[in-house]
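The next block holds one structure in the form of structure tokens; read it before the comments.
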Amino acid sequence: MTPVIALSPADRSGNADEDYARQYAADFVERWDELIDWDKRAAGEGSFLYDLLRPAGAWRVLDAATGSGFHAAQLHKAGFDVTACDGSPTMVDRARRNFARLGVDVPLHRCDWQALDARVLGKFDAVLCLGSSLCHLFDREARIAVLKRFRQMLKPGGLLLVDQRNFEAILAGRFRSSGRYYYCGDTASVTLGELDESVCEFVYRFADGAQYRLRVCPIRPRQLQDELRAAGFRAPHAYGDFKPIYDVMNVDFIIHQAHA
Ligand SMILES: C[S@@+](CC[C@H](N)C(=O)[O-])C[C@H]1O[C@@H](n2cnc3c(N)ncnc32)[C@H](O)[C@@H]1O
1 MTPVIALSPA DRSGNADEDY ARQYAADFVE RWDELIDWDK RAAGEGSFLY DLLRPAGAWR
61 VLDAATGSGF HAAQLHKAGF DVTACDGSPT MVDRARRNFA RLGVDVPLHR CDWQALDARV
121 LGKFDAVLCL GSSLCHLFDR EARIAVLKRF RQMLKPGGLL LVDQRNFEAI LAGRFRSSGR
181 YYYCGDTASV TLGELDESVC EFVYRFADGA QYRLRVCPIR PRQLQDELRA AGFRAPHAYG
241 DFKPIYDVMN VDFIIHQAHA
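The numbers in the UniProt record's numbering rise by one with no breaks, and the one at position 241 of the sequence shown is 241.
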């Protein structure tokens, strides 16, 4: 069984940045995989990650927001040397059980991004922060500090992949959840709750009536590219729904790639 090592006390109270840990309540997290549907999600992403990582020789990969472990498990099965981290105790527990069920032997750590330490985990060829996870940080300076932390975890020239919901379209009133990417399950719907320039609330409704909410920061893609540069990353480049050419008003997610 994959041991879980807590690198930081993720349940410290009084820190607004750790609000994410409270949002991932145990009952919501128990249904996370129902929401994403691993098989359909894998089909939606295709070989996107492998096509970026393999030619770059990026075999040692840190999945810094692993959630229930989807990308870490996929990459492990594809032969990558993966380490998985997440700050939410409930998500880490879910990932641990998924890895055990799948026979996936991936080091798993409960670790807030601010506590990531290359002296403990070593350096990586690639760092992933996927599933619109960075949008849990509402403060620009906090995001830049975390991006700098990701850069410190990378070998020189290493690759960062960080994605986000398409808040350009969402803030223009064009929210769509096609069901083809990330959230592919068919037992839940995703709609918008509160929305303005400072907060975006997603409402996840399951067929049996259960309802959960996530409140995140609606960062615009250009803003995130600017923050990547401010954190010292080079040549940020964006994909829409895993495609290099896309219409920004017609994609669910934007995936940024940048080099340390
Ligand atoms: C929307 S989920 C995405 C999970 C997974 N990557 C996926 O795509 O299914 C966001 C994840 O980011 C994690 N997260 C948010 N803020 C974090 C922080 N400051 N440090 C570590 N993990 C964090 C949450 O615990 C959660 O598991």
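Every residue gets a Cβ at the ideal spot worked out from N, C-alpha and C, and that includes glycine.
C-alpha of Pro244 to C-alpha of Arg176: approximately 19 Å in a straight line. Minimum Cα-Cα distance from Glu34 among the listed residues Ala21, Ala142, Phe206, Asp117 corresponds to Phe206. Here Ala64 really is in contact with Leu128; their C-beta atoms are around 6 Å apart, less than 8 Å.
The beta carbon of Ala172 is closer than 8 Å to those of Met249 in its chain, skipping five residues each way along the sequence. Scanning the region 99–179 for uninterrupted alpha helix (DSSP H) segments of 4 residues or longer gives 118–121, 140–152, 167–171, listed from N- to C-terminal end. The alpha-carbon of Phe242 is positioned some 11 Å away from that of Leu52. Between the C-alpha atoms of Gly157 and Lys40 there is a straight-line separation of about 32 Å. Counting along the chain, no alpha helix (DSSP H) covers Phe242, and no H or E run does either. From the listed residues Met153, Asp81, Cys184, the smallest Cα separation to Ala42 is found for Cys184. Between Trp113 and Arg149 the beta-carbon gap is near 6 Å, inside 8 Å, which marks them as a contact.
Distances between the C-beta of Tyr24 and the heavy atoms of ligand 1 include at least one below 7 Å. Not one heavy atom of ligand 1 is found less than 7 Å from the C-beta of Phe167.
The beta carbon of Cys200 sits closer than 6 Å to the beta carbons of Val216, Pro218 from its chain, once the five residues preceding and following it are set aside; these are given in chain order. Contact between Tyr24 and Ser88 holds: CB atoms are separated by about 4 Å, below the 8 Å threshold. The Cβ atoms of Asp139 and His256 do not sit closer than 8 Å to each other. For the pair Leu192 and Glu168, the Cα-to-Cα distance works out to about 14 Å. Membership of Ile254 in the beta strand (DSSP E) is indicated by the continuous run 253–259. Across the set Arg101, Gln211, Ala72, the C-alpha of Gln211 shows the shortest separation from the C-alpha of Thr187. Under the three-state reduction of DSSP output, Thr83 falls in the strand class. Only buried fits Glu45, as 16 or more other CB atoms lie within 10 angstroms of its CB. Secondary structure at Tyr182: coil, using DSSP grouped into helix, strand and coil. Beta-bridge partners of Val216 (DSSP): Cys200. Beta-carbon to beta-carbon, Ala258 and Leu228 are separated by about 5 Å, close enough to satisfy the 8 Å threshold. Ranked by Cα distance from Pro55, the first of Arg180, Glu197, Leu159 is Leu159.
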